[in-house]
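The structure under discussion appears below in the form of structure tokens.
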Amino acid sequence: MSPEAIRSALGARGVEWPEPVEWFESVGSTNDSLRERARGGAPAWSAVAAGWQSAGRGRQGRSWISEPGNLHVSVLLRPDPRTSVALLPLLAGVAVGEAVAEWGVQARLKWPNDVVVGERKLGGILAESSSSGGSIDHVVLGIGVNLVAPAPELGAIATSISVEAGRAPSAWDAAGAVLAALRRRCNDRTLRDPAAVVALWRERSVDWWGQSVEVVSGATRIEGRAEGVDASGALLVATGSGTIRVLSGEARALRLAPGRDPEGRA
Ligand code: BTN
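Mapping of the sequence shown onto my numbering: position 188 corresponds to residue 197, and the numbering continues sequentially without gaps.
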């Protein structure tokens, strides 16, 4: 396997990728490798992909444990000051949703950055930005998608392309599909139009709008009615004491207790 396989998967989808693309059979974390390249001056759209990660990272300081053969890819962006950086992961989710549709998988996006089929997680996105002199220098967008069957202990909470579609694409073909969709979506015009990004994301999001949700953000737990996502990517939750903008956390839909409205009032 070589980066040429990814380039040829990109070419098959009509996308030229002149910037560096690297492939490793195994790496600590593709985000960490790419961050090193970024500090060394690598150009925007440099990409690092790997068949396995020994120290994969997820959101909120968690580990990302993933089977060999899954997709692990990171892309370097150097957004200009007009870009809504907080919306990049949402747009990346849209791209992943489009890419996996190639294999007939209809994934939905769950705030903030989960890619799910039903209740099970198919993939996730970890965006890490670095600033200098008060402005964003670069963003490393890391994407993981389960291609092969999840480990048995994760079967209840995780799914994969092979489970959903009956066959797993190769990691480099999946890398080509995801990178091609990302490149098409992350163009300057869309990135400067927060409402357009949110609208694209909402078309693919889980349909829990107007429903009761619980969001855990650090030590805070919020229960209320999910209203939408604003132009900065924050989740809007209507509670008895007003609408709260949640910037980060874990959200899940709640089944309403009989006799309660979506804001939790009896
Ligand atoms: C999450 O849902 O918590 C985000 C998971 C992101 C995993 C990807 S795999 C490629 C890149 N490298 C990492 O170490 N993490 C991201």
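Yeah, the Cβ is synthetic: ideal placement off N, Cα and C, and Gly gets one too.
Distances taken from the Cβ of G258 to the heavy atoms of the ligand BTN include none shorter than 8 Å. Relative to the non-hydrogen atoms of the ligand BTN, the Cβ of W73 comes within a distance shorter than 8 Å of at least one.
Taking the Cα of A190 as reference, the smallest distance to any Cα among G227, T248 and I152 is reached at I152.
Exclusion of the five residues before and after S42 leaves V36 and V57 as the residues of its chain whose Cβ lies within less than 6 Å of its Cβ. A59 sits in a strand when the DSSP states are folded into three classes.
For L156, there is no enclosing beta strand (DSSP E), since its DSSP letter is neither H nor E. Comparing C-alpha distances from D89 to each of T199, V82, A240 and Q62 shows the shortest one belongs to T199.
Take the alpha-carbon of D239 and the one of V207: they are about 7 Å apart. Burial state of P159 is buried, judged by a 10 Å Cβ sphere holding 16 or more other Cβ atoms. Counting along the chain, no beta strand (DSSP E) covers D197; the unbroken alpha helix (DSSP H) around it starts and ends at D197 to L200.
Here A167 carries a strand assignment [DSSP, helix/strand/coil]. Using a 10 angstroms sphere on the CB of G70, the tally of other CB atoms stays under 16, which defines it as exposed. Rounded to whole angstroms, the gap between the alpha carbons of L131 and L100 is 17 Å.
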